[in-house]
Amino acid sequence: MDPRLIADYECVTGENPLWHPAEKRVYWTDIPTGRMFRHDPATGAHEQCYEGEQVGGFTVQPDGALLLFMARGAVKLWRDGEVTTVIDEIPAERESRFNDVIADPFGRVFCGTMPSPDHLGTLYRLDLDGSIAPALRDVRCSNGMAFTGDRRTMYHTDSGVRRICAFDYDGATGEISEGRVVVETPDGEGVPDGMTLDAAGDIWSARWDGYKLHKYTAAGAELRGIDFPARKVSSVTFGGDDLTDMYVTTAGGDDKAANGSLAGGLFHVNIGVRGVAEYCSRIQI
Numbered sequence: 091m092d093p094r095l096i097a098d099y100e101c102v103t104g105e106n107p108l109w110h111p112a113e114k115r116v117y118w119t120d121i122p123t124g125r126m127f128r129h130d131p132a133t134g135a136h137e138q139c140y141e142g143e144q145v146g147g148f149t150v151q152p153d154g155a156l157l158l159f160m161a162r163g164a165v166k167l168w169r170d171g172e173v174t175t176v177i178d179e180i181p182a183e184r185e186s187r188f189n190d191v192i193a194d195p196f197g198r199v200f201c202g203t204m205p206s207p208d209h210l211g212t213l214y215r216l217d218l219d220g221s222i223a224p225a226l227r228d229v230r231c232s233n234g235m236a237f238t239g240d241r242r243t244m245y246h247t248d249s250g251v252r253r254i255c256a257f258d259y260d261g262a263t264g265e266i267s268e269g270r271v272v273v274e275t276p277d278g279e280g281v282p283d284g285m286t287l288d289a290a291g292d293i294w295s296a297r298w299d300g301y302k303l304h305k306y307t308a309a310g311a312e313l314r315g316i317d318f319p320a321r322k323v324s325s326v327t328f329g330g331d332d333l334t335d336m337y338v339t340t341a342g343g344d345d346k347a348a349n350g351s352l353a354g355g356l357f358h359v360n361i362g363v364r365g366v367a368e369y370c371s372r373i374q375i
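In case it helps, the working numbering puts the sequence shown at residues 91 to 375.
Below, the structure written as structure tokens:
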């Protein structure tokens with residue numbers, strides 16, 4: 091099935107789609123323009139719901155509020171248009187911003203930053219009590235993450251080196267260790283960006299500069315690809331009542347001549363593959 095355009099807000103960097111299980115809507119962000127959007131598949135309606143500081147990624151709290159991960163290492167709670175500060179800034183990230191984020195099975199949040207002028211990016215772990223600490227340093231471009239069904243492995247994408255790595259994950263402590271390369275894309279074939287897993291444990295990885303969404307086994311063998319009419323395919327999530335609806339963001343809407351006439355749009359695909367629900371963050375605020 092060909093991807094179907096849902097909404098085109100000409101996103102410069104459309105990113106981080108996430109299904110909101112209580113609202114039964116999908117949210118996504120355009121990072122450089124500081125906008126967020128949402129789409130209700132039951133009615134077909136979509137809208138811009140936020141404009142302000144840049145939002146690199148977000149998670150859903152148990153009460154339905156969104157936890158926003160922003161510029162300068164700031165973390166804020168967004169509920170019904172009201173914003174509450176959780177972390178004002180991380181001093182080391184004053185020249186950076188958060189990029190991709192994910193809640194772990196216990197409600198912590200792994201949140202990666204972009205490189206700063208004087209240092210590479212860091213993957214942080216935000217713990218339930220609101221404390222934050224580095225989990226992985228010297229990341230060139232922290233991107234898509236996912237947890238395996240047995241809760242023993244965490245995937246993390248470093249787009250800067252074109253790799254998806256699998257880390258041993260300790261749910262009791264939130265520690266990750268022993269990273270090993272699962273997918274490495276050849277030079278000139280695009281960059282792995284956002285990702286998710288399906289119910290079978292296979293990897294779905296968006297390919298920036300590659301016009302595709304790629305499917306891999308857990309061992310990294312490529313199974314198939316889905317073509318998109320946009321050069322910069324940026325991320326993917328599963329949603330819908332049965333988690334078979336795939337929502338895919340794209341970027342490059344500010345230069346459609348170079349990136350495709352539908353670049354920057356949100357797309358829908360359903361090929362009968364069932365996903366898994368993302369975890370809620372459970373940060374005490």
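Ideal Cβ placement from N, Cα and C applies to all residues, glycine included.
- In this structure, F237 lies near P195, with their beta-carbon atoms less than 8 Å apart.
- For the pair A367 and A341, the Cα-to-Cα distance works out to about 24 Å.
- Runs of the beta strand (DSSP E) lying entirely within the stretch 153-189, each at least 3 residues long, are 156-160, 165-169 and 172-177 in chain order.
- Ranking R372, V338, G154 and K346 by CA distance to the CA of D92 puts V338 first.
- For K346, the enclosing alpha helix (DSSP H) has its first and last residue at K346 to N349.
- In this structure A289 is in contact with R364, their Cβ atoms being roughly 4 Å apart against a cut-off of 8 Å.
- In terms of Cα proximity to G147, the closest of S249, W168 and V191 is V191.
- Annotation: the stretch 250-324 contains the following complete segments of the beta strand (DSSP E) (minimum length 3 residues), in chain order: 253-260, 265-274, 281-287, 293-298, 302-306 and 312-317.
- Per DSSP, reduced to three states, the secondary structure at S232 is strand.
- Note: Q374 is not bridge-paired with any residue in the DSSP secondary-structure output.
- Contact between G284 and G234 is confirmed by a C-beta separation of about 4 Å, below the 8 Å threshold.
- If you draw a straight line from the Cα of V102 to the Cα of S324, it is about 11 Å long.
- In its chain, beyond the 5 residues on either side, V272 have a beta carbon closer than 8 Å to the beta carbon of A309.
- In the DSSP assignment, L356 falls within the beta strand (DSSP E) that extends over G355 to V359.
- By the C-beta density criterion, G220 is exposed, having fewer than 16 other C-beta atoms within 10 angstroms.
- In the DSSP assignment, G329 forms a beta bridge with D335.
- Proximity to V199 across M336, L158, E183 and P181 peaks at L158, based on C-alpha coordinates.
- Residue pairing of R128 in beta bridges, as defined by DSSP: Y117 and E137.
- Counting every other CB atom within 10 Å of its CB across the protein chains shown gives A262 a total below 16, marking it as exposed.
- Looking at the DSSP output, L216 bridges to V199 and I222.
- For the options D208, S371 and L213, the alpha carbon positioned closest to that of C201 is the one of L213.
- A straight line joining the alpha-carbon of P224 with that of D299 spans about 29 Å.
- Counting only the Cα atoms, L303 lies some 29 Å from D260.
- By the CB criterion at 8 Å, T203 and R184 fall outside the cutoff.
- A residue is called buried when at least 16 other Cβ atoms come within 10 angstroms of its Cβ; G350 meets this threshold and is buried.
- In terms of Cβ geometry, K305 and R314 form a close pair [threshold 8 Å].
- M126 and Y117 have their C-alpha atoms some 7 Å from each other.
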